Amino acid sequence: MNRSSAISGAQLVTLLFTSRIFQFLTYSSSGKGQLGGTAMLLATPLALLLTGLLLLPAYLLLRQNRGCGIVDCAYRYLGRAGGIPAAAMGLFALAVAAATVAGFEFFLSAGIYAEIPPWILIVTLTGAAVYAASMGYEPVSRVSTVVFVAFWAAFLFMGAALLPEMDPVYLRPLSYVAGKDFLRLCVITALSNTETVALLFMISVIKGRPTRCFWYWTGLLLAALELIALMTATALGDYGYSQRFPFYALTKIAEFSIFQRLDSLHTALWIFMALIKTSLYLRIAGEAFRFVLPQAARRWAVPGCGAAAALAAGFLAVEPQRTQRLSAALSGGWPVALLAFALPLWLLIRSRKKGKGEAA
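Numbering of the sequence shown is given in my numbering, commencing with residue 2 and proceeding in unit increments.
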């Protein structure tokens, strides 16, 4: 992989954090099957620990192939068949980018700017993301660092504004939740983390220790997600279950002195977060497809992925249920389980067999 846009460990942490947290900020609730804030508070740390266990085969594989990403390892141990995992990662990243664009268009048109035609939002976001992705990981990570700092400042500011509204009586006892439902919540939360695939793909462009980056990222995610779950549950209560976008509803009730409502501030941040996440996955898709495209076509990989993401987002935007189905498929667990666990495990087994064969 091209290391010309190598990024530091700190930049990687802010990039992955911004991309991951965006999914929770614009989460759309169906209002059904809610397990309550207490379940989410307890499930989040368990899910993050489970994520670490799922990445153990990848850790062992990449430790013995330092400087290589997961696709580099696939070509090393599978030969030309390594193009299959490369194409799979490209399609996965392209699907995440399209779902991000379509989901954010739905969030803006349904919750804030209903008068704006969907195609304007889709073309504007995708066009800006293609430009950013074409510049490489490093420029995108610089923007993510600024947004990361701004997010925490605005988030803590909102938390202070919500303190008078928070009431722990809304936290349901965990006994209200069936054990199998709680376990399923832990597993789905872990396997819906698409950024684990992004991390494995980007290993070769990191200037630093990937393991340390992972735990810093995990710690920051844990703090943010616990605070989101706590504030949503205790400030909104049962009212939050009836809201299409619970966290946005939370920003609308937060008032602080002369700033009054804080939803406009957070919406501005979410626009940048959507741009960062879309740019990241378009870049990953472009890099992945470059492994399998002819030399002459590689320069058009990122723009081509951007065009495909825009067309897909336009198709999804016609019926919101399409976006929900794609998002459910991506967060349902199988794509991440296959690419972040099964693929590294298979390559690790192949590497051990190859090593034994060479020793014999």
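Ideal Cβ positions, reconstructed from N, Cα and C, are used throughout, including at glycine.
Model, not experiment: these values are computed from the prediction.
Grouping DSSP H, G and I as helix and E and B as strand, with all else coil, what is residue i?
i: I8; result: strand
i: I123; result: helix
i: K354; result: helix
i: I272; result: helix
i: I117; result: coil
Is the Cβ of residue i closer than 8 Å to any Cβ of chain C?
i: L51; result: Included in the structure is just one protein chain, with no chain C present.
Would you mind sorting residue i into buried or exposed? The rule is 16 or more other CB atoms within 10 Å of its CB.
i: V102; result: buried
i: W120; result: exposed
i: P86; result: buried
i: P169; result: exposed
i: V97; result: buried
i: K278; result: buried
i: R81; result: exposed
i: L331; result: buried
i: P165; result: exposed
i: D182; result: exposed
i: E116; result: exposed
i: A318; result: buried
i: Q322; result: exposed
i: L237; result: buried
i: L122; result: buried
i: P118; result: exposed
i: G34; result: In this predicted model, G34 has a pLDDT of only 43, less than 50, meaning its place in the structure is not dependable enough to derive any value.
List the whole-angstrom C-beta distance separating residue i from residue j, where the pair is believed to meet the contact cut-off of C-beta under 8 Å.
i: C306; j: F316; result: At roughly 16 Å, the Cβ-Cβ gap does not stay under 8 Å, so C306 and F316 are not in contact.
i: M167; j: M232; result: 7 Å
i: A59; j: L201; result: 5 Å
i: A99; j: S280; result: With a Cβ gap of about 13 Å, A99 and S280 do not count as contacting.
i: Y138; j: R284; result: 6 Å
i: E227; j: L42; result: 6 Å
i: G160; j: S9; result: 29 Å between Cβ atoms; not a contact.
i: F292; j: G84; result: 6 Å
i: L344; j: I71; result: 7 Å
i: A310; j: V124; result: About 11 Å separates the two Cβ atoms, so there is no contact after all.
i: C187; j: A44; result: 5 Å
i: V324; j: F107; result: For clarity, residue 324 is Thr in the given sequence; the question names Val instead. Confirmed, about 6 Å.
i: F25; j: I229; result: 6 Å
Starting from the C-beta of residue i, find all residues in its chain whose C-beta is less than 7 Å away, skip the five residues before and the five after it, and write them out in chain order.
i: A224; result: none
i: L348; result: L62, C74, A75, Y78
i: L276; result: L126, A129, A130, A133
Quick one: what's got a C-beta closer than 6 Å to residue i's C-beta in the same chain, skipping five residues either side?
i: L16; result: S142, S145
i: A191; result: A48, L51, T52
i: Y282; result: A94, V97, A98
i: E1; result: Residue 1 lies beyond the stretch modelled for the chain, which goes from 2 to 361, so this question has no answer here.
i: F23; result: M274, K278
i: S352; result: Y78
i: S193; result: S332
i: G287; result: A302, V303, C306
Note down, in chain order, each residue of its chain lying with its Cβ closer than 8 Å to the Cβ of residue i, except the 5 sequence neighbours on either side.
i: C69; result: L63, R77, I204, S205
i: N66; result: D73, C74, R77, S352
i: A199; result: L17, S20, A94, L281, Y282, I285
>> Does the contact criterion of 3 or more C-beta pairs under 8 Å hold for the stretch 329-349 versus the stretch 54-63?
In response: Judged by Cβ distances under 8 Å, the stretch 329-349 makes contact with the stretch 54-63, as three or more pairs qualify.
> At a cut of 8 Å, does the stretch 37-51 reach the stretch 205-224 through at least three beta carbon pairs?
Replying inline: At 8 Å Cβ cutoff, the stretches touch.
>> Contact between the stretch 7-26 and the stretch 145-162 is defined here as three or more beta-carbon pairs at a separation below 8 Å; is this criterion met?
In response: The stretch 7-26 is in contact with the stretch 145-162.
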